[in-house]
Amino acid sequence: MSTDADLAWRVEEACLNAWPSPRQMLVDGYLLRAAGGRSKRQNSVNPMRGSGAPESVIPAACAIYAALGQRPIFRIPTIAPQMEPLLARADYAVADATCTLYRALDDRPAEPDPAVTVAPAPWADWLALRDTVNRADAAAARVFRDTVAALMLPRAFAATSEAGGIGAIAFGVLDRALLVIEAVATPKPLRGRGHARRAVGALLRWSRAQGAEAACLQVVAANTPARALYRGLGFERELYRYHYRVGPEPG
């Protein structure tokens with residue numbers, strides 16, 4: 098019988114699969130990711146289901162990140178908090194408390210929205226909007242494209258139409274019967290017009306057609322507008338949270 102912990106780990110693993118790091122390795126049962134760029138998720142140490150004591154992992158990870166010229170970052174989910182007591186005693190700042198939200202997809206999919214484009218790969222305007230909204234420099238833009246190229250699961254990229262361009266974007270990755278929503282972004286002048294809701298709604302419809310039974314996403318806890326958006330889309334169940342412990346820059 099599945100438990101809440103089983104579901105949380107199922108979602109955790111799907112979220113890792115949906116945002117892969119092109120460069121990663123296992124260190125004593127923990128997943129160390131080092132993609133480069135600014136994404137903490139892709140440049141942090143993550144506990145896995147069944148990870149043990151972290152005493153050897155932290156110094157080993159610090160040495161690896163130092164050799165790569167990166168600051169050490171550790172991701173602490175509430176379902177596996179064993180690194181927190183050690184890092185709390187050291188010089189590691191807390192950053193980006195994040196909620197993991199979940200909803201079942203037991204309703205009938207709505208009719209397709211003709212003003213939303215859904216495609217199996219991002220196109221030039223989709224990528225340009227993401228780069229702009231995220232203020233991505235050349236290195237960060239390259240890392241995102243490498244991330245998309247590293248995906249091994251079915252995926253869809255959605256964009257709403259707006260006069261003169263795109264209103265909002267999002268993409269989704271289907272990990273068996275679970276849809277993971279990623280990279281929801283709307284240009285600031287177009288926020289509050291329902292574009293993001295429609296882009297995510299199109300991904301929910303797409304996933305239902307592919308046999309999805311549930312959907313999940315991760316959102317910064319302090320992002321009140323985004324949490325309101327997702328609540329309106331049925332993401333009312335919070336499974337767990339996580340935060341980062343961030344070390345100093347190298348040198």
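In terms of this note's numbering, the sequence shown opens at residue 98 and continues consecutively. The beta-carbon is built from N, C-alpha and C at its ideal position, and this holds for glycine as well. All values derive from a computational prediction rather than experimental measurement.
Selection from the options that minimises the alpha carbon distance to residue i
i	options	result
Y127	S136, G134, N140	N140
G261	L287, F254, V240	L287
T244	D103, V124, L123, A132	A132
G331	H340, A311, G264	A311
V297	K285, R328, A274	R328
A221	A185, I263, R232, L314	I263
F171	G348, H340, P347, E346	H340
A274	A247, A306, A102	A306
A225	P174, A164, I266	I266
A146	D204, E110, E152, S153	One detail in the question is off: residue 146 reads as Arg in this sequence, not Ala. For the residues D204, E110, E152, S153, the minimum Cα distance to R146 belongs to E110.
S148	A216, A177, L165	A177
W116	R294, G291, E279	E279
D188	T175, R200, R168	R168
A105	V154, E152, P182, R200	R200
E259	T283, L271, A238, L248	T283
P322	R342, R334, G289, L314	G289
V108	K285, R130, D272	D272
Y337	P119, R227, I161, P174	P174
D210	D101, P119, A293	A293
R295	A157, A212, A190	A212
C112	C313, D234, A236, E333	C313
R302	A235, A207, T214, T257	A207
L129	A158, A218, A309, D103	A158
V343	R186, D204, A309	R186
L165	E333, R120, T214, R239	R120
S118	R138, P217, V281	R138
Strand pairing of residue i, partner residues [DSSP]
i	result
E279	F268
E259	G262
H340	I173
A311	A201, L275
A253	G269
R334	Y199
V316	C196
Whole-angstrom C-beta distance between residue j and residue i, which should lie under 8 Å
i	j	result
N114	L250	6 Å
L300	L276	7 Å
L184	S304	36 Å between Cβ atoms; not a contact.
A255	F241	About 16 Å separates the two Cβ atoms, so there is no contact after all.
A163	P347	6 Å
M180	P151	5 Å
V124	V154	6 Å
G134	A246	Their Cβ separation, rounded to whole angstroms, is 14 Å, which puts G134 and A246 out of contact at 8 Å.
Residue i CB to nearest heavy atom of the ligand PLP below 8 Å
i	result
D193	The ligand PLP is absent from the structure shown, which contains no ligands of any kind.
- prompt: What runs of the alpha helix (DSSP H), each 4 residues or longer, lie entirely inside the region 186-251?
  reply: 221-230, 235-247
message: At 3 residues or longer, what runs of the beta strand (DSSP E) sit wholly inside the region 100-186?
response: For secondary structure counted as the beta strand (DSSP E) over 3 or more consecutive residues, the region 100-186 holds these complete runs in sequence order: 121-124, 127-130, 142-144, 170-174.
message: Whether or not the region 299-319 and the region 192-200 are in contact is what I'm after, with contact meaning three or more pairs of Cβ atoms, one per stretch, closer than 8 Å; do they touch?
response: yes
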